[in-house]
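Chemist: One structure, pasted below without further comment.
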Amino acid sequence: MREVISIHVGQAGCQIGNSCWPLFSLEHGVLADGTLNPDLKVDENMTTFFHDTMSGRVVPRNIFIDLEDSVINEIRTGTYRSLYHPQYMITGKEDAANNYARGHYTVGKQIIEQVCNTIQKLAEQCDGLQGFLVFHSFGGGTGSGFTSLLMQRLAADYGKKCKLEFAVYPSPKISTAVVEPYNCVLSTSTTMTNSDCCFIMDNEATYDICSKNLQIGRPDYHHLNALVAQVVSSVTASLRFKGTMNVDLNEFQTNLVPYPRVHYPLVSYAPLL
1 MREVISIHVG QAGCQIGNSC WPLFSLEHGV LADGTLNPDL KVDENMTTFF HDTMSGRVVP
61 RNIFIDLEDS VINEIRTGTY RSLYHPQYMI TGKEDAANNY ARGHYTVGKQ IIEQVCNTIQ
121 KLAEQCDGLQ GFLVFHSFGG GTGSGFTSLL MQRLAADYGK KCKLEFAVYP SPKISTAVVE
181 PYNCVLSTST TMTNSDCCFI MDNEATYDIC SKNLQIGRPD YHHLNALVAQ VVSSVTASLR
241 FKGTMNVDLN EFQTNLVPYP RVHYPLVSYA PLL
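Going by full-length UniProt numbering, 135 is the number at position 135 of the sequence shown; the sequence numbering is gapless.
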């Protein structure tokens, strides 16, 4: 099979991942403890995103990375804690404090080797690795700074493998830090050269959909991530199930990218109900 490794970076990336994988598991008949639902027929294409263990369970081909441990600790103690492999959850000792430079040059440098070694272990479990899906935000310190550093390493170590990103773009109305525009500009610069295709999701638009279309009174990150997970599931469905179009990561680039540096398709989703 042609496997895909998912990399979740920073608070946004990890929380989106923790919303995506329960949905992927539901679609492929995988229970919360990693066992297969005996009432459902096993889909052979699920090995693109999951791999079998010696104990008979299935484990996602993913890695969670954050420079501080609060978000990943929530995943470690959450409902799907038995689904994820603890070895593929990497945390640092201090966060990037919404600072691109800390994520890229100082704090991020301390764990980049550990991250690259773990990705190599995941890659060695694959029969034919086709590429990576990287989930992150453009506004956070880890999501922008560390992701830029990681993309440079992935480009150097896995040059011909396809690298797709699902990125949350900041908006002025829903802003968690005043320096988000700076992080965004610096991160976009690296993304242009080291990424093959970057699917952009707008925080403000997602929030408006939850409040206006779905009639949610006070949407929080859980609601936003549930909507984003549904979109990611739909985009990656052609990779995870049999089909005729976009069955390979390279096809996304071929079909969606007009020029190599202009690879930022904006994700839209309809109907919502």
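Where a beta carbon is used, it is the ideal one built from N, C-alpha and C, also for glycine. Bear in mind the structure is a predicted one, so any value in this text is a computation, not a measurement.
Using CA coordinates, which residue listed in T191, D39, H222 and L67 is at the minimum distance from Q110?
Modeler: The candidate whose alpha carbon is nearest that of Q110 is L67.
Chemist: Suppose the cutoff is 6 Å on Cβ atoms and the five residues either side in sequence are ignored; what does the same chain contact list for I119 look like?
Modeler: Hits under 6 Å: none found.
Chemist: Between the Cα of E74 and those of R61, N45 and Q11, spot the shortest distance and give me the residue it belongs to.
Modeler: Residue Q11 is the option with its Cα nearest to E74.
Chemist: Can you list the beta strand (DSSP E) stretches of 3 or more residues lying completely in the region 24 to 52, in chain order?
Modeler: Listed in chain order, they are 50 to 52.
Chemist: Taking Cβ to Cβ, would you say G92 is nearer than 8 Å to L149?
Modeler: In this structure, L149 does not lie closer than 8 Å to G92 by Cβ.
Chemist: Is it true that the CB of R218 sits closer than 8 Å to the CB of Q130?
Modeler: No, the pair does not count as a contact, with Cβ atoms beyond the cut-off.
Chemist: Which stretch, first to last residue, makes up the beta strand (DSSP E) that contains F64?
Modeler: Here the beta strand (DSSP E) through F64 covers N62 to D66.
Chemist: Can you tell which of G17, G103, R240 and D127 has its C-alpha closest to the C-alpha of M151?
Modeler: If we check each option's Cα against that of M151, G103 comes out closest.
Chemist: Kindly say whether P260, judged by its beta-carbon, lies nearer than 8 Å to any beta-carbon of chain B.
Modeler: Absent from the structure is chain B; it holds one protein chain and no more.
Chemist: For F138 and N183, which I take to be in contact (beta-carbon distance under 8 Å), what is that distance rounded to the nearest angstrom?
Modeler: Confirmed, Cβ separation roughly 7 Å.
Chemist: If I measure Cβ to Cβ from E94 and keep anything under 7 Å in the same chain, skipping five residues before and after, which residues do I get?
Modeler: Answer for E94: L67, E68 and V107, listed in chain order.
Chemist: Can you give the Cα-Cα distance for S211 and I174, rounded to whole angstroms?
Modeler: Between S211 and I174, the C-alpha separation is close to 13 Å.
Chemist: Pull up the distance between the alpha-carbon of N250 and that of H51, whole angstroms please.
Modeler: Rounded to the nearest angstrom, the two C-alpha atoms are 22 Å apart.
Chemist: Going along the chain, which residues of its own chain have a beta-carbon closer than 7 Å to the beta-carbon of T35, five neighbours each way excluded?
Modeler: So the qualifying residues of the chain are R57.
Chemist: Any idea what DSSP makes of E124, helix, strand or coil?
Modeler: The answer is helix: DSSP assigns E124 an H, G or I state.
Chemist: Taking the DSSP output, what are the residues bridged to I7?
Modeler: I7 pairs with I63 and V134.
Chemist: Looking only at C-alpha atoms, which of S19, L31, E27 and A32 sits nearest to L224?
Modeler: When only C-alpha atoms are compared, the closest one is S19.
Chemist: Please name the residue, chosen from L26, A32 and S55, that lies closest to K41 on a Cα-to-Cα basis.
Modeler: Minimum Cα distance to K41 is reached at L26.
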